[in-house]
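Asker: Residue numbers (the numbering used here): 19 to 421.
(1) Between the Cα of residue 122 and the Cα atoms of 235, 268 and 144, which residue gives the shortest distance?
(2) According to DSSP, is residue 156 part of a helix, a strand, or is it coil?
(3) Is it buried or exposed, residue 197, if we count other Cβ atoms within 10 angstroms and call 16 or more buried?
(4) Give me the Cα-Cα distance between residue 339 and residue 387, rounded to the nearest whole angstrom.
(5) Check each candidate in 68, 299, 250 and 222 and name the one with the smallest Cα separation from residue 103.
(6) Just curious, the beta strand (DSSP E) that residue 375 is in, first and last residue?
(7) Let me know the secondary structure DSSP gives residue 254 once reduced to three states.
(8) Report yes or no: is there a C-beta of chain B within less than 7 Å of the C-beta of residue 355?
(9) If you reduce the DSSP assignment to three classes, tell me which class residue 298 lands in.
(10) For residue 369 versus residue 327, is the C-beta spacing smaller than 7 Å?
(11) Give the straight-line distance between the Cα atoms of residue 216 and residue 190, rounded to the nearest whole angstrom.
(12) Which residues does DSSP list as the beta-bridge partners of residue 208?
(13) For residue 221, which residues in the same chain have their Cβ closer than 7 Å to its Cβ, ignoring the five residues on either side in sequence?
(14) Which value, in whole angstroms, describes the spacing of the CA atoms of residue 60 and residue 245?
(15) Using the rule of at least 16 other Cβ atoms within 10 Å of the residue's Cβ for burial, across every protein chain shown, is residue 357 buried or exposed?
(16) Can you tell me which of 249, 330, 317 and 294 puts its alpha carbon nearest to the alpha carbon of residue 349?
(17) Taking the alpha-carbon positions, what's the residue 293 to residue 118 distance?
(18) Thinking just about the alpha-carbon of each residue, which of 150, 148 and 170 is nearest to the one in residue 156?
(19) Report the CB separation of residue 18 from residue 372 in whole angstroms; it is logged as a contact under 8 Å.
(20) Name, in chain order, the residues that DSSP records as bridge partners for residue 168.
(21) Tell me, please, which residues DSSP counts as bridged to residue 183.
(22) For the beta strand (DSSP E) that contains residue 290, what are its first and last residues?
(23) Can you look up residue 111 in the DSSP assignment and give me helix, strand or coil?
(24) Smallest Cα separation from residue 281: which of 80, 199, 307 and 72?
(25) So, at 6 Å on beta carbons, what are the nonlocal neighbours of residue 150 in its own chain, with the 5 sequence-adjacent residues on each side left out?
(26) Tell me whether residue 238 sits in a helix, a strand or coil according to DSSP, three-state version.
(27) Check the C-beta distance from residue 180 over to residue 319 and give it rounded, since I have them as a contact under 8 Å.
(28) How many whole angstroms separate the CB atoms of residue 296 and residue 322, which I take to be in contact at a CB cut-off of 8 Å?
(29) Does DSSP put residue 332 in a helix, a strand or coil?
(30) Considering only the beta carbon of each residue, do residue 141 and residue 89 sit closer than 7 Å?
(31) Assign residue 148 to one of three DSSP states: helix, strand, or coil.
(32) What distance in whole Å lies between the Cβ atoms of residue 300 and residue 202, which are believed to be in contact at a cut-off of 8 Å?
(33) Give me the residue from 165, 396 and 160 with the minimum Cα distance to residue 175.
(34) Tell me the rounded alpha-carbon separation between residue 164 and residue 130.
(35) If you run the structure through DSSP and keep just helix, strand and coil, what is residue 461?
So, in structure tokens, the structure goes:
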């Protein structure tokens with residue numbers, strides 16, 4: 019899906035990486051109850067505590083509203099990084115996921131000028147708990163950390179159209195995109211229109227059915243997909259999201275969710291679902307119509323989102339052991355999203371490299387935990403292993419959907 023283009027590790031790769039999981043008990047987390055956070059010691063804030071703390075929720079929402087970029091507003095973030103790390107100055111937060119020996123910071127929301135200090139707090143605080151911190155960021159911030167002595171290993175790419183008003187299908191560079199859109203338009207009466215979830219029960223059911231059809235075509239998807247399908251069906255789409263439906267002769271071919279990007283005066287193409295019999299060019303048609311709508315509204319930019327597992331060529335600042343691991347997984351097809359990268363490139367976006375930064379002395383074996391977070395963000399496998407025998411009658415959490 020475009021907002022975060024990564025469907026999880028293929029099953030063969032998951033079984034290989036699962037051997038790296040360790041069964042150490044997780045440490046407790048704590049939070050504070052202030053709308054405007056007070057400075058103090060760095061701290062973790064667990065998802066359950068965040069859900070019980072309206073003041074903390076307001077604080078986080080205010081940061082996202084001011085500084086939110088793709089990774090912090092993406093729907094998948096709540097699954098991939100449900101917890102928080104609050105640095106000592108409390109002027110920003112990292113959205114994180116954790117394993118017994120690993121912390122993965124998926125997104126940062128806060129002032130750019132405070133990023134390096136906040137990252138330093140995260141590295142230090144994680145090390146005190148004997149955890150290896152990993153921070154995912156775009157090139158400018160990753161370069162900033164590299165200058166401080168941390169490694170920066172290529173992990174993917176962010177693709178965006180920073181000037182939506184200037185987007186056009188004209189010119190030789192857009193020939194392939196024009197052809198595919200034209201191919202779809204010849205297959206019937208095609209239209210894309212915005213839909214308010216919950217306004218028509220029949221349409222809600224049709225969208226939910228489309229999501230189920232899309233799921234059956236995927237080898238691995240995140241648990242947030244089912245949760246988000248329920249929200250659409252119940253008319254509970256988050257306020258920062260908009261839903262666009264594309265029809266061909268009144269048949270629903272695709273549903274695309276876009277999320278507001280406050281820091282970029284734009285939107286993120288966050289989720290997309292489509293049917294198995296959608297003709298070639300269906301998504302291209304829908305995306306181009308959404309872009310036209312947003313441009314007429316005066317929206318400044320449009321992001322096609324992050325694609326992980328592509329454009330991971332070696333670089334001087336990388337951790338060579340991690341880089342070698344990722345390129346091996348890429349070559350074997352386990353961690354490879356080149357096709358999605360090429361799909362987005364048809365829109366001629368600006369591409370910015372994504373890196374994972376970590377301490378130079380960090381053991382490379384711990385990086386498998388980062389990959390397993392994508393395959394199993396809720397750590398259901400570990401939770402099942404830790405379930406005591408007396409609790410065997412309690413239904414286990416469902417496995418990740420797979421085709």
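Ideal placement from N, C-alpha and C gives every residue a C-beta, glycine not left out.
Answerer: The short version:
(1) For this step, residue 122 is matched to residue 104 along the chain shown. Nearest option by C-alpha distance: 144.
(2) Walking along the chain shown from the start, residue 156 turns up at place 138. If DSSP states are grouped into helix, strand and coil, residue 156 belongs with the strands.
(3) Sequence index remark: in the chain shown, residue 197 carries index 179 (1-based). The residue is exposed, with fewer than 16 neighbouring Cβ atoms inside 10 Å.
(4) Against the chain shown, residue 339 aligns to sequence position 321. Against the chain shown, residue 387 aligns to sequence position 369. Cα-Cα distance, rounded: 15 Å.
(5) Translated into positions along the chain shown, residue 103 becomes position 85. Measuring from the Cα of residue 103, the nearest candidate turns out to be 68.
(6) Start at 1 with the first residue of the chain shown, and residue 375 comes out as number 357. Residues 368 to 376.
(7) Within the chain shown, residue 254 is the residue found at index 236, counting from 1. Here residue 254 sits in coil by DSSP.
(8) No chain B is present in this structure, which holds just one protein chain.
(9) Within the chain shown, residue 298 is the residue found at index 280, counting from 1. Note: residue 298 maps to coil in three-state DSSP.
(10) Translated into positions along the chain shown, residue 369 becomes position 351. Translated into positions along the chain shown, residue 327 becomes position 309. Not a contact, by the Cβ cut-off of 7 Å.
(11) Mapped onto the chain shown, residue 216 falls at position 198. Mapped onto the chain shown, residue 190 falls at position 172. So the alpha carbons of these two residues sit roughly 42 Å apart.
(12) The residue labelled residue 208 in the question sits at position 190 within the chain shown. According to DSSP, which records beta bridges pairwise, residue 208 is partnered with 266.
(13) Translated into positions along the chain shown, residue 221 becomes position 203. Result list for residue 221: 213, in chain order.
(14) Sequence index remark: in the chain shown, residue 60 carries index 42 (1-based). Sequence index remark: in the chain shown, residue 245 carries index 227 (1-based). Near 31 Å, if we compare the C-alpha coordinates of residue 245 and residue 60.
(15) If you number the chain shown from 1, residue 357 lands on position 339. Classification for residue 357: exposed.
(16) Numbered from 1 along the chain shown, position 331 holds the residue referred to as residue 349. Checked all of 249, 330, 317 and 294; the closest Cα to residue 349 is 330.
(17) Here the question's residue 293 lines up with position 275 in the chain shown. Here the question's residue 118 lines up with position 100 in the chain shown. Taking the straight line from one Cα to the other gives about 39 Å.
(18) Within the chain shown, the letter at position 138 stands for residue 156. Per the Cα distances, 170.
(19) Limits of the chain in this structure are 19 at one end and 421 at the other, which puts residue 18 out of reach.
(20) Counting from one through the chain shown, the residue named residue 168 turns up at place 150. DSSP, once it has assigned bridges, lists no residue as partnering residue 168.
(21) Taking the first residue of the chain shown as position 1, residue 183 is located at position 165. For residue 183, which the question treats as bridged, DSSP gives no partner whatsoever.
(22) In the chain shown, the residue the question calls residue 290 occupies position 272. First-last of the beta strand (DSSP E) with residue 290: 284 to 292.
(23) Residue numbering aside, residue 111 sits at position 93 when the chain shown is read from its first letter. The answer is strand: DSSP assigns residue 111 an E or B state.
(24) Along the chain shown, read from residue 1 onward, the residue named residue 281 stands at position 263. Per the Cα distances, 80.
(25) Locating residue 150 in the chain shown gives position 132, where the first residue counts as 1. Cβ neighbours of residue 150 beyond the five flanking positions: 120, 380 and 384.
(26) Here residue 238 refers to the residue found at position 220 of the chain shown. It is coil, neither helix nor strand.
(27) Here residue 180 is taken as the residue at index 162 of the chain shown, counted from 1. Here residue 319 is taken as the residue at index 301 of the chain shown, counted from 1. Right, the Cβ-Cβ distance comes to about 5 Å (below 8 Å), so this counts as a contact.
(28) Walking along the chain shown from the start, residue 296 turns up at place 278. Walking along the chain shown from the start, residue 322 turns up at place 304. The pair is not a contact, with the Cβ atoms about 19 Å apart (cut-off 8 Å).
(29) Counted from its first residue, the chain shown places residue 332 at position 314. Residue 332 falls in the coil class under three-state DSSP.
(30) By 1-based counting over the chain shown, the position of residue 141 is 123. By 1-based counting over the chain shown, the position of residue 89 is 71. Result no, Cβ atoms of residue 141 and residue 89 do not sit closer than 7 Å.
(31) By one-based count along the chain shown, residue 148 stands at place 130. Of the three classes helix, strand and coil, the one that applies to residue 148 here is coil, per DSSP.
(32) Mapped onto the chain shown, residue 202 falls at position 184. Mapped onto the chain shown, residue 300 falls at position 282. Yes, residue 202 and residue 300 are in contact; Cβ-Cβ is about 5 Å, under 8 Å.
(33) Against the chain shown, residue 175 aligns to sequence position 157. The residue with the shortest Cα to Cα distance from residue 175 is 160.
(34) On the chain shown, position 146 is the one that residue 164 refers to. On the chain shown, position 112 is the one that residue 130 refers to. Each residue's alpha carbon lies about 16 Å from the other.
(35) In the structure as shown, the chain begins at 19 and stops at 421. Residue 461 is therefore absent and cannot be evaluated.
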